[in-house]
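Enquirer: The numbering used here puts the first residue of the sequence shown at 94, with every later residue one more than the last. C-beta: ideal position from N, C-alpha, C; glycine also. Quick one: the structure is below, and I'll ask about it shortly.
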Amino acid sequence: MPHARIPRIPPLELDEMDPEQQKLAKLGADTVIQVLARAPEVMEASGKLGAFLLSQGKLHPRIRELAILRVALRCDAPYEWANHAPAALGGGATEAEITALSDPDASWSPEDDAVLRAVDELCANVFVSDETWTALAATRDHAEVIEILFLVGYYRMMAGFLNSAGVPVKPGQPALGEPPVPVARPAQASRPASGKTGPDGTWKVTFVHPAGSKDLLLDLATDGAAVSGSIFDSQLNVTVPIVAGTVDGREIALTALVTDPVRFEVSVTGTVDGDVFTGSVTISGGGTFPLSGVREVNPSN
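Right, here's the structure in full:
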């Protein structure tokens, strides 16, 4: 399918956007947000459905992202692929599965195959055949089937917008049909020990996402087996309170609820070893990613 080779709608600069639009842009897919910001009412209306499908829907992130990538292939939408291939990897898909989406002879489980066939039929015929519908209904309830139909429709719509507006793929992002390059956990620099052993205090941590790493500050306090505190996102300039947390020896688990600029849950599990924190962060609807960091030490101590 054809698509614009050069941008037809110039993206707004970040400093031209209002604060809420800037926050959305910093969550990811910044270029498309900067273009959509020229039609703020459309961005707000469509964004609500997109945010629901990505963070509050019933579909597992792995199959949701594989379905979106299949839409990108069927619609020849390079930006859609580039932005969602990392999300598929983070959601649990493998590099081999992402590559197999382009292979008509690839073998899938019956459950996955039904979803991908539904994508193919909707993109080609705007209709799911009786055979594919029966296969979908064999493992999914009505709500999940409806969600699949809306997911495909939403990303077909986005593919048409992205291809027509000429939203460019950023350098280093995966080309259409190619998997993203896996990212490694960052190495920890050597530093003086604080002498502390528990999780109490402030931790500077980084979680590694295939689309780009993010730095966070964990401010933790324990009371027996309970953990309280907050998570500060320096990129978004947002502080999120921890709503639940437990500690058992060196093991810690906590949950925070993000409501601004969109609603999603963040769960962190990890191990404290002196001044080093290692573990993972799970974003509701977005997958699980490695996380590591060090304790912030006051130089005066």
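Just to confirm my understanding: we take Ala-252, look at its own chain, exclude 5 residues before and 5 after, and list those with CB closer than 6 Å. What are they?
Expert: The residue you call residue 252 lines up with position 159 of the sequence shown. Cβ neighbours of Ala-252 beyond the five flanking positions: Cys-168, Ala-170, Glu-173.
Enquirer: Return the CA-CA distance between Leu-313 and Arg-388, expressed in angstroms with no decimal places.
Expert: Translated into positions along the sequence shown, residue 313 becomes position 220. Translated into positions along the sequence shown, residue 388 becomes position 295. If I take the Cα positions, the gap works out to 11 Å.
Enquirer: Let me see if you follow: with CB-CB separation under 8 Å, is Val-245 close to chain C or not?
Expert: Annotation note: the requested chain C is absent from the structure, which comprises a single protein chain.
Enquirer: Within the chosen definition, does the region 98-116 reach the region 251-266 through at least 3 CB pairs nearer than 8 Å?
Expert: Segments in contact, yes.
Enquirer: How far does the beta strand (DSSP E) with Pro-383 in it reach, from first residue to last?
Expert: If you number the sequence shown from 1, residue 383 lands on position 290. Looking at the DSSP string, the run of the beta strand (DSSP E) that includes Pro-383 is 380-388.
Enquirer: Would you call the region 154-167 and the region 346-355 in contact, with 3 or more CB pairs under 8 Å?
Expert: Segments in contact, no.
Enquirer: What span of residues does the alpha helix (DSSP H) with Gly-183 cover, start to end?
Expert: Against the sequence shown, residue 183 aligns to sequence position 90. Looking at the DSSP string, the run of the alpha helix (DSSP H) that includes Gly-183 is 171-183.
Enquirer: Could you check which residue in Gly-184, Val-333, Leu-350, Asp-316 has the C-alpha nearest to that of Val-340?
Expert: If you number the sequence shown from 1, residue 340 lands on position 247. Taking only the C-alpha atoms, the option nearest Val-340 is Asp-316.
Enquirer: Relative to the C-alpha of Ala-349, which residue among Val-365, Val-374, Asp-368, Leu-244 is closest?
Expert: Numbered from 1 along the sequence shown, position 256 holds the residue referred to as residue 349. Out of Val-365, Val-374, Asp-368, Leu-244, Val-374 has the C-alpha closest to the C-alpha of Ala-349.
Enquirer: Pull up the distance between the alpha-carbon of Ala-346 and that of Ile-324, whole angstroms please.
Expert: The count along the sequence shown starts at 1 and reaches residue 346 at position 253. The count along the sequence shown starts at 1 and reaches residue 324 at position 231. Each residue's Cα considered, the two are about 13 Å apart.
Enquirer: Per the contact definition of three or more C-beta pairs closer than 8 Å, is the region 136-145 in contact with the region 188-204?
Expert: No contact exists between the region 188-204 and the region 136-145.
Enquirer: So, is Ser-396 buried or exposed, given that buried needs 16 or more other C-beta atoms within 10 angstroms?
Expert: The chain is shown only over 94 to 394; residue 396 falls outside these bounds and no answer can be derived.
Enquirer: Once DSSP output is grouped into helix, strand and coil, what is the label at Ile-99?
Expert: Start at 1 with the first residue of the sequence shown, and residue 99 comes out as number 6. Three-state DSSP puts Ile-99 in coil, outside helix and strand.
Enquirer: Quick check: what's the CA-CA separation for Thr-124 versus Gly-288?
Expert: Your numbering for residue 124 matches position 31 in the sequence shown. Your numbering for residue 288 matches position 195 in the sequence shown. Their backbone Cα atoms lie some 45 Å apart in a straight line.
Enquirer: Would you call Ala-318 buried or exposed, if buried means 16 or more other Cβ atoms sit within 10 Å of its Cβ?
Expert: Numbered from 1 along the sequence shown, position 225 holds the residue referred to as residue 318. Exposed is the call here.
Enquirer: Go to Ser-139, then tell me how far its alpha helix (DSSP H) extends in each direction, as first and last residue.
Expert: The sequence position of residue 139 within the sequence shown is 46, counting from 1. Run containing Ser-139: 133-148, per the alpha helix (DSSP H) assignment.
Enquirer: Just the C-alpha distance for Pro-197 and Glu-214, rounded to the nearest angstrom, thanks.
Expert: In the sequence shown, residue 197 corresponds to position 104, counting from 1. In the sequence shown, residue 214 corresponds to position 121, counting from 1. For Pro-197 and Glu-214, the distance between alpha carbons rounds to 14 Å.
Enquirer: With a CB to CB cut of under 7 Å and the five nearest residues on each side skipped, what residues in its chain are close to Ser-377?
Expert: Position 284 of the sequence shown, counted from the first residue, corresponds to residue 377. The residues are Ser-148, Phe-357, Glu-358.
Enquirer: Measuring straight from C-alpha to C-alpha, what distance separates Ala-130 and Met-136?
Expert: To locate residue 130, count along the sequence shown from 1; it is residue 37. To locate residue 136, count along the sequence shown from 1; it is residue 43. Going by the C-alpha atoms only, they are around 7 Å apart.
Enquirer: Let's see if you can read the secondary structure: which residues bound the alpha helix (DSSP H) around Phe-398?
Expert: Nothing can be reported for residue 398: it is not among the residues displayed for the chain, which extend from 94 to 394.
Enquirer: Please tell me whether, using a cut-off of 7 Å, the distance from the CB of Asp-308 to the nearest non-hydrogen atom of the ligand MN is below it.
Expert: In the structure shown, the ligand MN is absent, as is every other ligand, since no ligand is present at all.
Enquirer: Please state whether DSSP places Thr-227 in a helix, a strand or coil.
Expert: Stepping through the sequence shown from its first residue, residue 227 is reached at position 134. If DSSP states are grouped into helix, strand and coil, Thr-227 belongs with the helices.
Enquirer: The beta strand (DSSP E) spanning Val-208 covers which residue range?
Expert: As a position in the sequence shown, residue 208 is number 115, starting the count at 1. Run containing Val-208: none in the beta strand (DSSP E); it sits in the alpha helix (DSSP H), 203-218.
Enquirer: Determine the DSSP secondary structure at Asp-353, reduced to helix, strand or coil.
Expert: Mapped onto the sequence shown, residue 353 falls at position 260. The answer is coil: DSSP assigns Asp-353 none of H, G, I, E or B.
Enquirer: For the alpha helix (DSSP H) containing Pro-154, name the first residue and the last one.
Expert: Against the sequence shown, residue 154 aligns to sequence position 61. Looking at the DSSP string, the run of the alpha helix (DSSP H) that includes Pro-154 is 154-167.
Enquirer: Going by beta carbon distance, what residues of the same chain come within less than 8 Å of Lys-307, once the five residues before and after it are set aside?
Expert: As a position in the sequence shown, residue 307 is number 214, starting the count at 1. The answer, listed in chain order, is Thr-299, Phe-300, Asp-326, Gln-328.
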